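What follows is one structure encoded as structure tokens, with my remarks underneath.
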DNA sequence: GATGCTATTGAGTGTGCGACCAATAAGCAA
DNA sequence: TTGCTTATTGGTCGCACACTCAATAGCATC
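Protein chains in written order, with this note's numbering: chain A, -12 to 203; chain B, -12 to 203.
Structure representation (structure tokens):
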């Protein structure tokens, strides 16, 4: 009879409930920011009471950390999957940079800025950030190693090269919340330029390349 | 007789009061973060009532924006003064990178991360961030132009070069809240390497240089 | 259909925030 | 000294937050 208030309670298994809480928190973190991952906000999304979120995450800080990890892992997998049964390192790297230049990458940049800032105050989140940074380094390093092994790339220190590329991407992403329309070509191409230089590739080697088979 | 409560009220000129509010807010912003710039916090620092801060800044958001601007301007002037009566562009640039590698630079990096993130939600702050970014670009571009004019540097596009250097510095500074002890040499030197490359300088040209006369 | 476990609710605590406003007193000018 | 302007106070309101806990009800089991 009354308005839209939901009175019926739905009882789920702890695993299922926890999973949907984390999933929702990750989505909110990515789209609206980590400070929007609050007990009330997530509870409202799931049409449950805030106390329930507390039940699964006695400390809200843990939920925020988990939300970031899940979101960051998902985005990393989308940018550069760990499983690359087909396609060459050059193709995957080219795809990575193409995605990094797109609009969708702004959400990821924002998430990272968000997490890196918030980790100033929240130790739990700081650990997660460090963890995810290592994961990104590892992933990119691995692709570079494969490329070196195949003779596609040339570098003495694959890890240092990976980190350098990521530093440039971080630098470019730092402005995800401001206007960047009038950025010089040399700047927008910085990540590509860095990769080409550090990997001993000719100009255009990472742009004039067919896309690898899309992951399932 | 009682404890430390201060009952005597001190009346200052609006200009003086406003100045000390802004100064305090800038200090808090730099050392503890922009979210600590609250009416209550600044009032406590100055031993006045929160209402007084509201009196000078009817919208708290304006105070935060002002705090950031003042802090960022101060730090920019410390890193690379606008007035450089003595010393060469090479010397000033070398000094700039030396300071950028020091501990004290972490506070600045943190402030920028902080502001760039918060500007996602606060339009007032976003404008200030854009403003300060332009100021940094301009300052660095100017030094580069002087160096080009003197024949010390060589670049086709001083502004693009300036922005590229700043992108690298932003990328390196992004990790100001995490541990960066085991960073490869090639990474820690990235800003220098970028500058040397883009300015047509030999390796070491920006490190093996006497310091310019310190500004007053 | 009754029972027990526990996922979920409802209600409440305490904190910190910005914003608002009438009352007060500091210090200048008459 | 008196009076006036206004910088400053003190108190209040509403909101959002995390956290706690006894009471409730969904659901599997018997």
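Glycine included, C-beta positions come from ideal geometry on N, C-alpha and C. All values reported here derive from a predicted model rather than from experimental measurement.
query = Roughly how far, in whole angstroms, is the beta-carbon of residue 164 of chain B from the beta-carbon of residue 113 of chain A, given that I think they are within contact range, below 8 Å?
reply = Start at 1 with the first residue of the second chain, and residue 164 of chain B comes out as number 177. Start at 1 with the first residue of the first chain, and residue 113 of chain A comes out as number 126. 7 Å between Cβ atoms; contact.
query = For residue 140 of chain B, which option in B/198, B/157, B/182 and B/71 has the closest C-alpha, if you only look at C-alpha atoms?
reply = Here the question's residue 140 of chain B lines up with position 153 in the second chain. Here the closest residue by C-alpha is B/182.
ask   = If you count every other CB in all the chains shown that lies within 10 Å of the CB of residue -9 of chain B, and 16 or more means buried, which is it?
value = Reading the second chain from its first residue, position 4 is the one you call residue -9 of chain B. Because residue -9 of chain B sits at a pLDDT of 46, beneath the cut-off of 50, its placement in the model cannot be relied upon, and the following sentence gives the value as read from the coordinates. Classification of residue -9 of chain B: exposed, given that the 10 Å Cβ count is below 16.
ask   = What does residue 151 of chain B touch in chain A if you count any residue whose Cβ is under 7 Å from its own?
value = The residue given as residue 151 of chain B occupies position 164 in the second chain. By Cβ distance, chain A contributes 173, 174 and 177.
request  = Following the continuous alpha helix (DSSP H) through residue 231 of chain A, name the residue where it begins and the one where it ends.
outcome  = The structure shown has nothing for residue 231 of chain A, since chain A only spans -12 to 203.
query = Among residues of its own chain, excluding the 5 on either side of residue -12 of chain A, which ones have a beta-carbon nearer than 8 Å to its beta-carbon?
reply = Here the question's residue -12 of chain A lines up with position 1 in the first chain. Bear in mind that a pLDDT of 39 at residue -12 of chain A, under 50, signals an unreliable position, so the model cannot answer this.
inquiry  = In the DSSP assignment, the alpha helix (DSSP H) including residue 3 of chain B goes from what residue to what residue?
reply    = In the second chain, residue 3 of chain B corresponds to position 16, counting from 1. For residue 3 of chain B, the enclosing alpha helix (DSSP H) stretches over residues 1 to 19.
request  = Anything in chain A within Cβ reach of residue 161 of chain B, meaning under 9 Å, just list it in chain order.
outcome  = In the second chain, residue 161 of chain B corresponds to position 174, counting from 1. Simply 99, 100, 103, 154, 157, 158, 160 and 161.
query = Is the shortest distance between the beta-carbon of residue 57 of chain B and the beta-carbons of chain A less than 8 Å?
reply = Along the second chain, read from residue 1 onward, the residue named residue 57 of chain B stands at position 70. Not a single C-beta of chain A is nearer than 8 Å to the C-beta of residue 57 of chain B.
query = Can the beta-carbon of residue 156 of chain A be found less than 8 Å from the beta-carbon of residue 80 of chain A?
reply = For this step, residue 156 of chain A is matched to residue 169 along the first chain. For this step, residue 80 of chain A is matched to residue 93 along the first chain. Against a cut-off of 8 Å, the Cβ pair of residue 80 of chain A and residue 156 of chain A comes out as no contact.
ask   = Using DSSP with H/G/I as helix, E/B as strand and the rest coil, what is residue 191 of chain A?
value = Within the first chain, residue 191 of chain A is the residue found at index 204, counting from 1. In this structure, residue 191 of chain A counts as coil in the three-state DSSP scheme.
message = Under DSSP, the alpha helix (DSSP H) around residue 55 of chain A begins and ends at which residues?
response = Your numbering for residue 55 of chain A matches position 68 in the first chain. Segment 47 to 66, the alpha helix (DSSP H) holding residue 55 of chain A.
ask   = Relative to chain A, which residues along the region 115 to 126 of chain B have a C-beta separation below 9 Å, given in chain order?
value = Going along the region 115 to 126 of chain B in chain order, one finds 116, 117 and 120 with a Cβ nearer than 9 Å to chain A.
query = Within 10 angstroms of its Cβ, does residue 121 of chain A collect 16 or more other Cβ (buried), or is it exposed?
reply = Counting from one through the first chain, the residue named residue 121 of chain A turns up at place 134. Residue 121 of chain A should be labelled exposed.
request  = Could you tell me the distance, in whole angstroms, from the CA atom of residue 11 of chain B to the CA atom of residue 64 of chain B?
outcome  = Within the second chain, residue 11 of chain B is the residue found at index 24, counting from 1. Within the second chain, residue 64 of chain B is the residue found at index 77, counting from 1. Roughly 18 Å separates the two Cα atoms.
inquiry  = Taking CB distances under 8 Å as the criterion, tell me whether residue 20 of chain B reaches chain A.
reply    = Residue 20 of chain B sits at position 33 when you count from the first residue of the second chain. Yes, because at least one Cβ of chain A sits closer than 8 Å to the Cβ of residue 20 of chain B.
message = Is it buried or exposed, residue 89 of chain A, if we count other Cβ atoms within 10 angstroms and call 16 or more buried?
response = Counting from one through the first chain, the residue named residue 89 of chain A turns up at place 102. When all chains shown are included, residue 89 of chain A counts as exposed.
ask   = Does the region 103 to 119 of chain B touch the region 24 to 42 of chain B, meaning 3 or more C-beta pairs lie closer than 8 Å?
value = no
message = Let me check understanding here. Comparing Cα to Cα, which of A/2, A/148, A/44 and A/93 lies closest to residue 19 of chain A?
response = By 1-based counting over the first chain, the position of residue 19 of chain A is 32. The residue with the shortest Cα to Cα distance from residue 19 of chain A is A/93.
Reduced DSSP category for residue 71 of chain B - H, G, I as helix; E, B as strand; rest coil = In the second chain, the residue the question calls residue 71 of chain B occupies position 84. If DSSP states are grouped into helix, strand and coil, residue 71 of chain B belongs with coil.
task = Pick helix, strand or coil for residue 76 of chain A, following the three-state DSSP scheme.
result = For the purposes of this step, residue 76 of chain A is identified with residue 89 of the first chain, where counting begins at 1. In the structure shown, residue 76 of chain A sits in a helix (DSSP, three-state: H, G or I).
ask   = Between the Cα of residue 195 of chain B and the Cα atoms of B/48, B/78 and B/52, which residue gives the shortest distance?
value = Residue numbering aside, residue 195 of chain B sits at position 208 when the second chain is read from its first letter. Closest option to residue 195 of chain B, Cα to Cα, is B/78.
query = From what residue to what residue does the alpha helix (DSSP H) around residue 42 of chain B run?
reply = Within the second chain, numbered from 1, the residue matching residue 42 of chain B stands at position 55. Counting along the chain, the alpha helix (DSSP H) containing residue 42 of chain B begins and ends at 37 to 43.
query = Measuring CB to CB, does residue 173 of chain A end up less than 8 Å from residue 129 of chain B?
reply = Along the first chain, one-based indexing puts residue 173 of chain A at 186. Along the second chain, one-based indexing puts residue 129 of chain B at 142. Not closer than 8 Å, so no.
request  = Identify, in the order they occur along the chain, each residue of the same chain with its Cβ nearer than 7 Å to the Cβ of residue 37 of chain A, setting aside the five sequence neighbours on each side.
outcome  = Your numbering for residue 37 of chain A matches position 50 in the first chain. Only 26, 27 and 30 meet the Cβ criterion.
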